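Comments concern the structure below.
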Amino acid sequence: MFFCGLRFIALQMLVYAVAIAASKTINKRSVDLSATRALISDVRLPTEVVPTGYDIHLYPIIEKDSFTGTVHINISWSQPIKKISLHAHYDLNLNERTLNLLKINKDSITESIPILRGDRMIRKTIYVIYLKNTVQECSQCVLKIDFEGNIWKSAEGLFKGSYVTGINNEEKHYLATSMRPNNARRLFPCFDEPGFKVPFTVSIARPKSYVILFNTPLTRTEIMNSSSELDYVIDYFEPTPPMSTFTFGFVISQLNKLKREGTLFMQTQTGLEEQMEINLWARQEALADIKDVYEKLYTIYDRLIDYFNVSLPLKKIDVIAIPELDFLHPADCWGLLMFKERDLFKPRYYILTYELIYQWLGSWITPNWWDVSHINKALVGFLTTAVIQKIDDNRKYDLKYPLSGLYSLYYEFSKRYPHSKITGIKQEMKSYKTEMILRMLNYSLSESTFQAGIRNFVADYQYKAYFSNNLWDALTKQAITDGMLDSEYSIGEIATSWITKDRLPMITVDTDFNKNNDLKISQKLYLRERPHDVPEQHLMLWWIPIVIISQNNLNFNLTKPTIWMKEEREIILSNISSMTENSFVIINPEEIGPFPVNYDSKNWNLLLSFLLKEDGRSRIPAYTRAKLIHDAWNLAYAGELSFVTVFNMTLFMKYERTLIVWTPVLTFIDHIGRHIDMSKVHKKFEMYVQTLLTPLYEELHNPEQNSWQNELKTSTERFLCHAGYKPCIEKAHKNFQLWMESANPDLDNVLPNNYICPVFKWGTIDEWEFGLERVITFPKNRTQSERTYLLKTLAGCPQESNKIIRLLNITILEENGNFSANDALLIFSMLTGGSPGYITLYNFLSENWSEIKRKFESKTNLWDNLISAATGQFKTSEGYEMVKTLYNQHKEEFGSATHIIESSLKNIKEEAKWSDENLPVIEEWLDNFLSNNNRPEEKFVSS
C-alpha cells in the first residue's frame, strides 16, 4: 500500500475529525432494494486509490428488517486519477445526492472536490465515483456515503435470526454479521478485499434492551432520538486495529454473559502486560452447561501464546453461543467468535482451537487475496492438530489423523481426472493436501525449526497481508539457520512442486540391485485408475524428502531426510551404513510425506517376516504399520505390485488389534470385494474375510472396551454382517421382528440402522416388503433422511434379483406416485454398489428396453443415469460382452447417453485386463490360504 511518506500519520487525526463533522447532514431516499443479478466472480479493485481508515455509523431497525448508515472512508491517492472504485452490493442503496469528497491539504485545510456522478459497473458489485478534476498523487481525502439496505434471513452481510428461550419458549430475535469472503459490501460501501487492512471507528444503534458485541470493547452509550416503537441507544466502540473488511463483525442480541473471575495478560510490544478478557455469551439456561468451555478456551489460548511466542493485541474476545445459527462454520471476526450453540457442547477441542488460531492467522495476519486462503486454512488446520495433540497428550484426540484424510487424497489424486465428478471438493482437497505438505515440512525440518519459522513469520506480518512466498521464505531462512536445509534449497520451491499439481508421486525403492548396500530410488506419478494415459506424466516431478529407517536402527524419531529428491527421476544412495544384506528399510515412515512407497520383493518379504513376530511388530509404530498395508494394496490396485504381496502383508493382521492399522485393511476388503464380486473368486474372498475377521470380532465382543476398541468392533461387525455372520443376522432379525410387530410401525421405528441392511440382504421377501411399505407410507412429519436411508438399503442391500426387480417395476414401469425422479436416481446409484444390483438393472433394461426408452425419452437426466448405472460397473470380459451386446442391439437408440455407454465399454475393457491379470493370482493365493486355515463356515449364513 502506497502512503507517500510519514505525512499520512500526521493527517490521520484530522481525517477522523473531518469525517465526524461531515456526518451531521444525512439525506435518505427510498428505493427498490431487490437484487436482480447474482454476484459473479469477484474482480480486483484498481490500486490508484486505497483506503486508510473507516468511520462507520450504523442504524439497524430490527422491527423493520432494514438499516441505514453513513461511512466516511479515509483514502489516499497513489497515482493521479479522477475516479474512485470501491465495492457496494446490488442490495445496498447508495444516496448519490449526498456523496461528498473532502481533500485535506497539508495546512490542515479542507476543500470540496466536485463529484460528477456515481455508477455501478454492469454485473459487478463495484461502484465507481467520477470526479470533475484529477486528484494528484499523495493526496489524502475523506469520502462520505449515506446508504441503506435490508436485513436478510440468510447468513450474508447483516442478517436476522431467532431462537427460543426460557420455560415458556419465548422467541428472541438477534442480528449478526457474516462477512466472509466478500459480504462486507452488503452492509456498507468499502474496499472489500482482504489485502486492505485499516482501522475502523464504529458506532451502532440498538434497542435499549439489547446488547451489542463488536470487534472491540464498548467505550460509551448515548441515548438517541428515534421514531421507532423501540427505545434506541447508540453504542460507540474503541477504534479497531488495522483489519480486513471480512473480519468486521457484530451481534445484537439479548444473550447473557457468563460471569467468571480471572483475566489473561498479554505481553505488548512495549513489554507491558495488559488484561485480555475472554467472555462467554449464551442463553441463560445454557450458561451452566458450557462453563467448562471457559477452561478449554483459556487452556488453548495459553498454548497458542506459547506456540506463537506472542499474544493477541486484543483487550477481549467474545465467544457467543447462538442457537440455530445459520452458519456452516463459525464467523471469522477479530475479537468476536460466533458459534452454533451445539458446537460449543462438543467435548473435543478442535473447533475452539481452530477458531482461536484463526485470530492470529487470518485476522491479525491475513492472506493478501483468496488464492492464498487455502494455504492459510492448511496452516491453521495443521497447527490446530499439533496444539490439540499437546493438550490431550494423544489420549483423546482422533488418533486416526492424518491417515483417514490422506486415504482420500490418494484416492482422488490417483484418478485419471481428479475432481471430474465432484468439483465442489476441489478446494477442500487442495487445502488438505497443503496441510499434509506443512506436516511433511514439520517432520523434515524438525518441529523446533518449523515452530521458530512460524514465530518469525507471525512477528514480521502482524497487521499485514501476506503472500504465500512470505510464509515459505520465513521457513527457508530458519531452516538454513538451523542447518536443517542446504543453503541453495528453498521451501517455496519444495512446496510449489506439490501444491501446483493435483497429483501425488509414488516412490520405488530397490534394495537388491547390487551387493554394495546401495539404494536405487525413483519417482513417478501415482495413478491407480486405469488406463494410465495421463498427458505429460513423464514431466511431473516433486521435491521429495527421503527419510530412511533401517531394521538395524529402528529409531522413528529420526525424521530429517537423508537426502531430498530435487525433482529428479532417479537417485542412487551409496553405502548406507545401517543396511545389511538381510535387513529391510522403510522409506517415509509415519507417513511423513503424502506418497506411497513400493519396494522390491525381497524387502517386502523381510518386512512381513518382522511383522509376524510380536517383538518385531511392537517396534514398528502403528502409523507405519498402517502405511505399509495401505501402500501395498493401493500399489497392487494400480498394477505396481503383485497381489500375492498384498495378501501376504495381511497375514500379520491375525495378531493386530489397533484400529488405525485395521482401517486400511477394511478399506481394502471393501474395494477388492466390490471389484471381484462378479467373478467366481468372490466366494473364496468372502471366506478369507470371514477367517480374518471372526477371531478379531469375537475377541472384541467384550462390553469392557475403550472407545477405539468399540469402533473397531463396530467396523468389524458391519463387514461380518454383510458376509452373513449368524450372530449378527440373528440379532438383526430379532430387532426387525419387533418393528414389524409394532402397533404403528411408521412412527415406532427404533431399529438401529446397522440392522436394516443385513435383514434386507439375508432376510425374507416379507421382511423386505415390509420395508418397502414403510417407504411408501412414510409420514411427512418425520425426517426425510430416515426415508432416504431406508430406500438406499432397499435397493443396495438385497442379493436376490426378485427384490430388485420388484422395486424397479414400481418406480420405473408402474411410475408409482410415491417415488420421485430423485428416488429413481438414488436407486440407480445404490444398484451400482455390487454385481447383484447392476446385473439385475442391466437385465431389467435389456428386457424392457422399448417401454423404458419411451418413458425416459424426454427425461435425459434419468436416462443418462440409468445407462451409466446399468453398464458402467462391469469389470470382466464377460461383462464387456454383455454391455457390447446391448450396445450393438440398440446402437442408434441411446441418444444423449451414447457417449456414456461408449465410455463404459472403454473402461470395462481396461478393467477386464486388470481382472484377467490379477484374478488368477488372487485365486491361487486364496486357495493356499483357505487350505491352511480353519474356515468358520458354520458361523455364517449360506449365500
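Residues -17 to -1, 1 to 926 (mature numbering (1 follows the signal peptide of the UniProt record, and there is no 0)) are what the sequence shown spells out, left to right.
Glycine is no exception: its CB is placed at the ideal position from the N, C-alpha and C atoms.
Please read these numbers as outputs of a predicted model, since none were measured by experiment.
- In the structure shown, Lys115 falls within a strand segment according to DSSP collapsed to helix, strand and coil.
- For Gly101, there is no enclosing alpha helix (DSSP H); the enclosing beta strand (DSSP E) covers residues Ile98 to Arg103.
- Straight across, the Cα-Cα distance linking Leu774 with Leu814 is about 11 Å.
- Assignment of Trp347 by DSSP, reduced to helix, strand and coil, places it in the coil class.
- Here the alpha carbons of Ser346 and Tyr219 stand approximately 22 Å from one another.
- Per DSSP, the unbroken alpha helix (DSSP H) holding Leu642 starts and ends at Leu642 to Ile659.
- Taking the Cα positions, Asp899 is about 57 Å away from Ala448.
- Nearest to Ile795 by C-alpha distance, out of Leu849, Leu777, Phe231 and Lys763, is Leu849.
- The region 383 to 396 and the region 347 to 363 do not touch, with fewer than three beta-carbon pairs separated by less than 8 Å.
- Contact between Glu550 and Leu508 does not hold, since their C-beta atoms are separated by about 13 Å, which reaches or exceeds 8 Å.
- DSSP assignment within the region 853 to 921 yields the following whole alpha helix (DSSP H) runs of 4 residues or more, N-terminal first: 860 to 872 and 881 to 914.
- Taking the Cα positions, Asp129 is about 57 Å away from Pro528.
- Counted as a single uninterrupted DSSP element, the alpha helix (DSSP H) harbouring Ser829 occupies residues Ser818 to Glu830.
- Check the Cα spacing between Leu99 and each of Lys65, Ala304, Ile334 and Cys780: the tightest is with Lys65.
- Within the DSSP bridge table, the entry for Arg189 names Val216 as partners.
- Beta-bridge annotation (DSSP): Lys507 is paired with Met489.
- Contact check for Pro762 against Leu730 passes: the beta carbons are separated by less than 8 Å.
- For Asn133, the uninterrupted beta strand (DSSP E) segment begins and ends at Gln123 to Asn133.
- Look at the beta carbons and you see the region 461 to 475 not touching the region 485 to 496: under three pairs across the two are nearer than 8 Å.
- Following the DSSP letters along the chain, one finds Gly140 inside the beta strand (DSSP E) bounded by residues Gly140 to Thr148.
- Below 8 Å, enough C-beta pairs join the region 177 to 187 and the region 30 to 43 to call them touching: three or more.
- Between Tyr281 and Val370, the C-beta gap is not smaller than 8 Å, which leaves the two residues out of contact.
- Across the set Glu798, Thr823 and Leu238, the C-alpha of Thr823 shows the shortest separation from the C-alpha of Ser784.
- Using a Cβ-Cβ distance cut-off of 8 Å, the region 645 to 658 and the region 606 to 613 are in contact, since at least three pairs of beta carbons, one from each stretch, lie closer than that value.
- Around the C-beta of Ser803, fewer than 16 other C-beta atoms lie within 10 Å, and the residue is accordingly described as exposed.
- By the 16-neighbour rule on beta-carbons within 10 angstroms, His882 is exposed.
- For Pro741, the enclosing alpha helix (DSSP H) stretches over residues Ile739 to Trp745.
- The alpha helix (DSSP H) runs lying completely inside the region 538 to 615 and spanning 4 residues or more are 584 to 594 and 597 to 600, given in chain order.
- Runs of the alpha helix (DSSP H) lying entirely within the region 694 to 770 and spanning at least 4 residues, in chain order: 709 to 723, 739 to 745 and 748 to 759.
- Two segments are said to touch when three or more pairs of C-beta atoms, one from each, lie closer than 8 Å; by this definition the region 314 to 323 touches the region 195 to 208.
- The DSSP assignment places 299 to 305 and 319 to 323 as complete runs of the beta strand (DSSP E) inside the region 272 to 359, in order along the chain (cut-off: 3 residues).
- By a beta-carbon distance limit of 8 Å, Asp48 does not contact Gly132. Their separation comes to about 10 Å.
- For Ala159, the enclosing beta strand (DSSP E) covers residues Glu153 to Ser161.
- When the beta-carbon positions are compared, Glu139 and Trp60 stay at least 8 Å from each other.
- With 16 or more other CB atoms across the displayed protein chains lying within 10 angstroms of its CB, Pro401 is buried.
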